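A.B. asks:
There are 2 protein chains.
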Amino acid sequence: MITQEQCQQWDAKDTLAIFKNQFELPQGVIYLDGNSLGAKPRQATEQAQAVINQQWGTDLINSWNKAGWWDLPVRLGNKIGQLIGARENETVVTDTTSLNLFKVLAAAVDIQQQKDNRRKIIIAERDSFPTDIYMIEGFMALINQGYQLQLIDTPADLADSINQHTAVVVLSHVNYRTGYLHNMASTNELVHSHGALLIWDLCHSIGAVPIDLNSSNSDFAIGCTYKYLNGGPGAPAMLWVHHRYQTAFSQPLSGWWGHEKPFDMAVSYTPADNIRRYLCGTQPIVSMSLIECGVDIFLQTDMQAVRHKSLQLTDLLINLTEQECAGLGLTLITPRKHEHRGSHVSLRHPHGYAIVQALIARGVIGDYREPEVIRLGVTPLYLSYTDIWQAVQHLKQVLINQE
Amino acid sequence: MITQEQCQQWDAKDTLAIFKNQFELPQGVIYLDGNSLGAKPRQATEQAQAVINQQWGTDLINSWNKAGWWDLPVRLGNKIGQLIGARENETVVTDTTSLNLFKVLAAAVDIQQQKDNRRKIIIAERDSFPTDIYMIEGFMALINQGYQLQLIDTPADLADSINQHTAVVVLSHVNYRTGYLHNMASTNELVHSHGALLIWDLCHSIGAVPIDLNSSNSDFAIGCTYKYLNGGPGAPAMLWVHHRYQTAFSQPLSGWWGHEKPFDMAVSYTPADNIRRYLCGTQPIVSMSLIECGVDIFLQTDMQAVRHKSLQLTDLLINLTEQECAGLGLTLITPRKHEHRGSHVSLRHPHGYAIVQALIARGVIGDYREPEVIRLGVTPLYLSYTDIWQAVQHLKQVLINQE
Numbered sequence: 001m002i003t004q005e006q007c008q009q010w011d012a013k014d015t016l017a018i019f020k021n022q023f024e025l026p027q028g029v030i031y032l033d034g035n036s037l038g039a040k041p042r043q044a045t046e047q048a049q050a051v052i053n054q055q056w057g058t059d060l061i062n063s064w065n066k067a068g069w070w071d072l073p074v075r076l077g078n079k080i081g082q083l084i085g086a087r088e089n090e091t092v093v094t095d096t097t098s099l100n101l102f103k104v105l106a107a108a109v110d111i112q113q114q115k116d117n118r119r120k121i122i123i124a125e126r127d128s129f130p131t132d133i134y135m136i137e138g139f140m141a142l143i144n145q146g147y148q149l150q151l152i153d154t155p156a157d158l159a160d161s162i163n164q165h166t167a168v169v170v171l172s173h174v175n176y177r178t179g180y181l182h183n184m185a186s187t188n189e190l191v192h193s194h195g196a197l198l199i200w201d202l203c204h205s206i207g208a209v210p211i212d213l214n215s216s217n218s219d220f221a222i223g224c225t226y227k228y229l230n231g232g233p234g235a236p237a238m239l240w241v242h243h244r245y246q247t248a249f250s251q252p253l254s255g256w257w258g259h260e261k262p263f264d265m266a267v268s269y270t271p272a273d274n275i276r277r278y279l280c281g282t283q284p285i286v287s288m289s290l291i292e293c294g295v296d297i298f299l300q301t302d303m304q305a306v307r308h309k310s311l312q313l314t315d316l317l318i319n320l321t322e323q324e325c326a327g328l329g330l331t332l333i334t335p336r337k338h339e340h341r342g343s344h345v346s347l348r349h350p351h352g353y354a355i356v357q358a359l360i361a362r363g364v365i366g367d368y369r370e371p372e373v374i375r376l377g378v379t380p381l382y383l384s385y386t387d388i389w390q391a392v393q394h395l396k397q398v399l400i401n402q403e
Numbered sequence: 001m002i003t004q005e006q007c008q009q010w011d012a013k014d015t016l017a018i019f020k021n022q023f024e025l026p027q028g029v030i031y032l033d034g035n036s037l038g039a040k041p042r043q044a045t046e047q048a049q050a051v052i053n054q055q056w057g058t059d060l061i062n063s064w065n066k067a068g069w070w071d072l073p074v075r076l077g078n079k080i081g082q083l084i085g086a087r088e089n090e091t092v093v094t095d096t097t098s099l100n101l102f103k104v105l106a107a108a109v110d111i112q113q114q115k116d117n118r119r120k121i122i123i124a125e126r127d128s129f130p131t132d133i134y135m136i137e138g139f140m141a142l143i144n145q146g147y148q149l150q151l152i153d154t155p156a157d158l159a160d161s162i163n164q165h166t167a168v169v170v171l172s173h174v175n176y177r178t179g180y181l182h183n184m185a186s187t188n189e190l191v192h193s194h195g196a197l198l199i200w201d202l203c204h205s206i207g208a209v210p211i212d213l214n215s216s217n218s219d220f221a222i223g224c225t226y227k228y229l230n231g232g233p234g235a236p237a238m239l240w241v242h243h244r245y246q247t248a249f250s251q252p253l254s255g256w257w258g259h260e261k262p263f264d265m266a267v268s269y270t271p272a273d274n275i276r277r278y279l280c281g282t283q284p285i286v287s288m289s290l291i292e293c294g295v296d297i298f299l300q301t302d303m304q305a306v307r308h309k310s311l312q313l314t315d316l317l318i319n320l321t322e323q324e325c326a327g328l329g330l331t332l333i334t335p336r337k338h339e340h341r342g343s344h345v346s347l348r349h350p351h352g353y354a355i356v357q358a359l360i361a362r363g364v365i366g367d368y369r370e371p372e373v374i375r376l377g378v379t380p381l382y383l384s385y386t387d388i389w390q391a392v393q394h395l396k397q398v399l400i401n402q403e
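Chains A and B supply the protein sequences, listed in that same order.
Last residue of the first sequence: 403 in UniProt numbering, with the numbers rising by one and none dropped.
Last residue of the second sequence: 403 in UniProt numbering, with the numbers rising by one and none dropped.
1. Which residue wins for smallest C-alpha separation from A/ASN401, given the options A/ALA354, A/GLY28 and A/LYS103?
2. Is there a C-beta anywhere in chain A that falls below 7 Å from the one on B/ILE355?
3. My parser needs the alpha helix (DSSP H) runs of 4 or more residues fully inside the region 21-67 of chain B; what are they?
4. Please go through the region 119-161 of chain A and give each complete beta strand (DSSP E) segment of 3 or more residues, from N-terminal end onward.
5. May I ask which residues mark the beginning and end of the alpha helix (DSSP H) holding B/TRP389?
6. I'd like to know whether the C-beta of A/TRP240 is nearer than 7 Å to at least one C-beta of chain B.
7. Taking DSSP's pairing of strands, which residues face B/ASN348 in a bridge?
8. Per DSSP, B/SER172 is paired with what?
9. Compute the Euclidean distance between the alpha carbons of A/VAL345 and A/VAL29, then round it to the nearest angstrom.
10. So that I know if they touch, is there some Cβ in chain B lying closer than 7 Å to that of A/VAL378?
11. In the structure shown, what three-state DSSP assignment does B/TRP240 receive?
12. Which residue's Cα is closest to the Cα of A/ILE123: A/GLN43, A/LEU299, A/HIS351 and A/LEU198?
13. First and last residue of the alpha helix (DSSP H) that includes B/ILE222?
14. Does any CB atom of chain A fall closer than 7 Å to the CB of B/GLN283?
15. Put residue 409 of chain B into one of helix, strand or coil per three-state DSSP.
16. Sorted by chain position, which residues of the same chain lie with C-beta nearer than 8 Å to B/PRO26's C-beta, five sequence neighbours on each side aside?
17. With the cut-off set at 7 Å, would you say A/PRO380 and A/SER310 are in Cβ contact?
18. Should the region 103-111 of chain B be called in touch with the region 300-310 of chain B, which here means at least 3 C-beta pairs below 8 Å?
19. By DSSP, does B/ALA235 sit in helix, in strand, or in coil?
20. Tell me, please, whether the region 330-340 of chain B touches the region 37-44 of chain B by the rule of three or more beta-carbon pairs shorter than 8 Å.
21. In whole angstroms, what separates the C-alpha of B/GLY281 from that of A/GLU339?
22. In its own chain, which residues sit with a C-beta less than 7 Å from the C-beta of A/ILE111, not counting the 5 before and 5 after it?
23. List, in order along the chain, the chain A residues whose C-beta lies closer than 7 Å to that of B/THR45?
24. Tell me which same chain residues have a C-beta within less than 6 Å of the C-beta of B/GLY294, skipping the five on either side of it?
25. The alpha helix (DSSP H) spanning B/VAL104 covers which residue range?
26. I need the straight-line Cα distance from B/ASP296 to A/VAL209, nearest angstrom please.
27. Output yes or no for whether 7 Å exceeds the beta carbon distance between A/LEU328 and A/LEU376.
28. Starting from B/PRO236, find everything on chain A with Cβ-Cβ shorter than 7 Å and list it in chain order.
29. Which residues bound the beta strand (DSSP E) around A/THR91?
30. Does A/TYR245 come out as helix, strand or coil in the three-state DSSP assignment?
31. Are the C-beta of residue 405 of chain A and some C-beta of chain B separated by less than 7 Å?
32. Give the DSSP-derived three-state secondary structure of A/LEU229 in the structure shown.
33. Within its chain, find whatever has a CB closer than 6 Å to the CB of B/GLU260; leave out the 5 residues flanking it on each side and keep chain order.
34. Tell me, which residues are paired with B/TYR368 by DSSP?
35. Assign A/GLY68 to one of two classes, buried (16 or more other C-beta atoms within 10 Å of its C-beta) or exposed (fewer than that).
36. Quick one: what does DSSP say A/PRO262 is sitting in, helix, strand or coil?
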């Protein structure tokens, strides 16, 4: 039997509790949606002022060099790289997750074609966040070379589906809906053993679980900065390419920011000899600059500590739900096993949508995803054990009122 | 003989002079680079605070609906549309100019293929801003269907080059380097008479010259919001598609923001039945929100008035340079004819780079473009006739010191 007092004791011993003060959250709100839009770092207000008033307003065009705007995609990429086991200059921040998937998919397909043009299958998960599938469809239709998309229904299906015809596999490291977490190293090994390449979508894992792209021998990764990394609404996405592939091909969204010498105004494209070749056009500097505020908070801690508390909080959320809400119609769809759990908990209920709305009215902000899924995100840097206790009490009341 | 007194008299009668107060410019600076990075509207500071502190910090995920984040690309597109002769829902703000070119190029090529698959030539200008050429190259290489890029050297070459093999023509409405302005209606007519489609790059004309995309019978247009429109560094770009083509094809960067029902999480892509199909991934909301500040200033005036003052200022800059700097090595490369002049003046000089640096040290901010080009942008809403007088006096001193 877990009690509120027990939660308070855990809070008193929580070494990450000090970080909450670096975020600004409205009074009376328990925010369980940091997996969709991360909370605002306090520093973001000041950072925006500096960028807008000083860099733009006063220094004007000079800020491209003086304020380092031009180098921001790589500089931020290297900071984020520290959280995901990247080497220097393997990561950039640019454009959107969807567009970055298009770039690395074109890269992966091109690299495979150089080796063996008979591999024509791209494997993805039916349950992935749909934009990944949509971008694969758009790419395949555009190149019109007989590629086919094969959708797998469960993670276990990958081993049965992959074979010598598979060119590329696209997987969500953590599933946006269920919270299922793939084992990165063993999945890379499986995919590589069949001669295929793997693109990791890190949208729901970056800033939520420890990631080591190099030691797990990954190929490509893309992901989002505005969820667990708290980069701000719609902030540009990240893209990582293992250094062995960085100059193996030229990606087709070949805008001037990816050019070897952008200011030479050459009449033909020559890609940069490094990760910059994954850049395309001029980036939204104000939004991009704010990403640094969230990342700098993560760089003060370490992902193992974040993971430890994340698992404690998701365990607590699962256990308390079972203790307090038994018989009230909830079905857990997030894996119980730690090694397959990301940092959110999803509960299915026939009235899921109405329940989420009722929770929001009580200041407990989660979100709803089709079909019937109540999704509750856990962000260890600004949530306490007591927050989880209170959230479950509200959930219980809502469910009882529902009956 | 033009005198400083004459400039002061013009300023006293200038009906647009009142707008300068809506921009924040540093003391002692004459800013002739608004064609590269527009000055900061005063309102941008307050707007950023509202978006960052209230919408992100307090309202959090709720702002996607409550603050209209989700609809921002179309809402801003419709505001910009008023400046360019667009109908309702023909314009969006999203991604970058480079990426938007890729989308409309794919659209234009697809539409042509539906009619006649033998047209395999894409015409562009050797002198265009290079990213346009780079994106065309990337697209052609990716689809690998035998398309060829034909570069024309002068605007007059278009008539000789276009024929029944031409699929698509990509032109800069105003050339980034020379300031040459194409006649939109007659060029559309020429291109259409050969059965080709035309994509206008408006980067150096939107907010600078009057544009009427519908009455000129244009097909597609893309462009930039951070130059003459003062949208902020790297702010997302615009994209316009004539309504006759809006649903004629599905663009290949088919991310979830372009889906017919994005929140249904459907497993396959169905494009929205409107201009939203040109969207792709989640947009950088803070940068995007600031665009409105600049556009709202333009909506208080009209583009004919802006154009009138623009031509007076560029005339003044050209005439004063000839009067004050005769024999000092400058060559005008911007067209003298009003109908072929955008809103910047470019002067070639063997020591162009050093001259621009010396001008910047004196607080006269223009920029340098290869080869040897001193580029001076004229923005009628925050420049005075006296500013031009003073800028030319500085230029004269720099040239004399150079000798």
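All C-beta atoms, glycine included, are put in the ideal place defined by N, C-alpha and C.
All values derive from a computational prediction rather than experimental measurement.
C.D. replies: Let me spell this out:
1. Closest option to A/ASN401, Cα to Cα, is A/ALA354.
2. B/ILE355 does not count as touching chain A.
3. The region 21-67 of chain B contains, as complete alpha helix (DSSP H) runs of 4+ residues, the segments 43-49 and 63-66 (chain order).
4. The qualifying runs are 121-125 and 148-152.
5. From DSSP, the alpha helix (DSSP H) with B/TRP389 extends over 385-402.
6. A/TRP240 does not count as touching chain B.
7. In the sequence on display, residue 348 of chain B carries Arg and not Asn. DSSP lists B/THR331 and B/VAL373 as partners of B/ARG348.
8. Beta-bridge partners of B/SER172 (DSSP): B/ASP201.
9. The straight-line gap from Cα to Cα measures roughly 18 Å.
10. Residue-level contact by beta carbon fails for A/VAL378 and chain B, as no gap is shorter than 7 Å.
11. Residue state, collapsed to three classes: strand.
12. Considering only A/GLN43, A/LEU299, A/HIS351 and A/LEU198, the residue with the shortest C-alpha distance to A/ILE123 is A/LEU198.
13. Where B/ILE222 is concerned, there is no enclosing alpha helix (DSSP H), although the beta strand (DSSP E) it sits in stretches over 220-223.
14. Under the Cβ criterion of 7 Å, B/GLN283 is counted among the residues facing chain A.
15. This structure does not reach residue 409 of chain B, given that chain B is present from 1 up to 403, and the question cannot be answered.
16. Sequence-distant partners of B/PRO26 (beyond 5 residues in either direction) whose C-beta falls short of 8 Å from its own C-beta are missing from its chain.
17. Yes. Within cutoff.
18. No, the region 103-111 of chain B does not touch the region 300-310 of chain B.
19. Here DSSP, grouped into helix, strand and coil, assigns B/ALA235 to coil.
20. Contact check between the region 330-340 of chain B and the region 37-44 of chain B: fewer than three CB pairs, one atom from each, fall below 8 Å, which does not count as touching.
21. Rounded to the nearest angstrom, the two C-alpha atoms are 30 Å apart.
22. Apart from sequence neighbours up to five positions away, the residues of its chain that approach A/ILE111 with a beta-carbon distance below 7 Å are LEU197, TYR245, ALA248 and PHE249, ordered along the chain.
23. ILE52 and ASN53, listed in chain order.
24. Hits under 6 Å: PRO41, LEU229, ASN230 and GLY231.
25. That run of the alpha helix (DSSP H) goes 97-115.
26. The straight-line gap from Cα to Cα measures roughly 43 Å.
27. No, they are not a contact pair.
28. Here the neighbours are PRO284.
29. For A/THR91, the enclosing beta strand (DSSP E) stretches over residues 91-94.
30. DSSP, read as helix, strand or coil, puts A/TYR245 in helix.
31. With chain A covering 1 to 403 only, the question about residue 405 of chain A has no answer from this structure.
32. Looking at A/LEU229 - three-state DSSP - the assignment turns out to be coil, as it is neither helix nor strand.
33. The beta carbon of B/GLU260 is closer than 6 Å to those of THR270 and ALA272 in its chain, skipping five residues each way along the sequence.
34. Answer is B/ILE374, bridged to B/TYR368.
35. Around the C-beta of A/GLY68, fewer than 16 other C-beta atoms lie within 10 Å, and the residue is accordingly described as exposed.
36. A/PRO262 falls in the helix class under three-state DSSP.
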